[in-house]
Amino acid sequence: MSIRIERRRRAPRAACAVALLVIAGGVFAPTVRASDNHVRFEVPEPFRVGTHSYDAGVIDVHRVASYNPSTSLLEVWVNGDCLGMVAARSVISEQPRRTEALFSRDEEGRLVMVGYRVTGLPSGTTYRFP
Numbered sequence: 016m017s018i019r020i021e022r023r024r025r026a027p028r029a030a031c032a033v034a035l036l037v038i039a040g041g042v043f044a045p046t047v048r049a050s051d052n053h054v055r056f057e058v059p060e061p062f063r064v065g066t067h068s069y070d071a072g073v074i075d076v077h078r079v080a081s082y083n084p085s086t087s088l089l090e091v092w093v094n095g096d097c098l099g100m101v102a103a104r105s106v107i108s109e110q111p112r113r114t115e116a117l118f119s120r121d122e123e124g125r126l127v128m129v130g131y132r133v134t135g136l137p138s139g140t141t142y143r144f145p
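Every position in the sequence shown, counted from 1, becomes a number in the working numbering once 15 is added.
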């Protein structure tokens, strides 16, 4: 299991948020289907997507369209329920070793999904939620 921790600055009163990049190997097990248009992450601990909170579950993200060169429209599903569409900033990124979910932690310690990265040749793509 590999974990990458990034520290980000917040408002002076808030503690520094820790962004966890957790990849397959026990904690999250992403399954990438035949195309990069669909990714799936199994999350075994409490998490949040947008304003929706879950004790554990499966996040499915479908890339529906490219709105413009730097924005993609994504359909987000959790535990089989469609949460709706989100416009995510998409950027070409350094080649990740595998598809990765991107999370930060809120004040209660719950994971908050902030995006994901997918592999591709010769580089990968990172999708960041607003």
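Don't be surprised by glycine CBs; every beta carbon is placed ideally from N, CA and C.
Check your understanding: For leucine 98, which residues of its own chain have a beta-carbon under 8 Å away from its beta-carbon, when the five flanking residues on both sides are left out?
Key -> In its chain, beyond the 5 residues on either side, Val64, Gly65, His67, Val91 and Trp92 have a beta carbon closer than 8 Å to the beta carbon of leucine 98.
**Study point:** Start and end residues, beta strand (DSSP E) containing asparagine 83
**Key:** Counting along the chain, the beta strand (DSSP E) containing asparagine 83 begins and ends at 72 to 83.
Point to revise | As assigned by DSSP and simplified to three states, the class of aspartate 96 | key: Strand, per DSSP.
**Study point:** Proximal residues to glycine 139 (C-beta, below 8 Å), its chain only, five neighbours per side dropped
**Key:** Same-chain partners within the cutoff: Ile107, Ser108, Glu109, Gln110, Pro111, Arg132 and Val133.
**Study point:** Alpha-carbon to alpha-carbon, alanine 71 and glutamate 57
**Key:** The straight-line gap from Cα to Cα measures roughly 8 Å.
**Study point:** Through-space distance from asparagine 94 to threonine 86, alpha-carbon basis
**Key:** Approximately 25 Å between the Cα atoms of the pair.
Exercise for review: Check glycine 135 in the structure and name its three-state DSSP category.
Suggested key: The answer is coil: DSSP assigns glycine 135 none of H, G, I, E or B.
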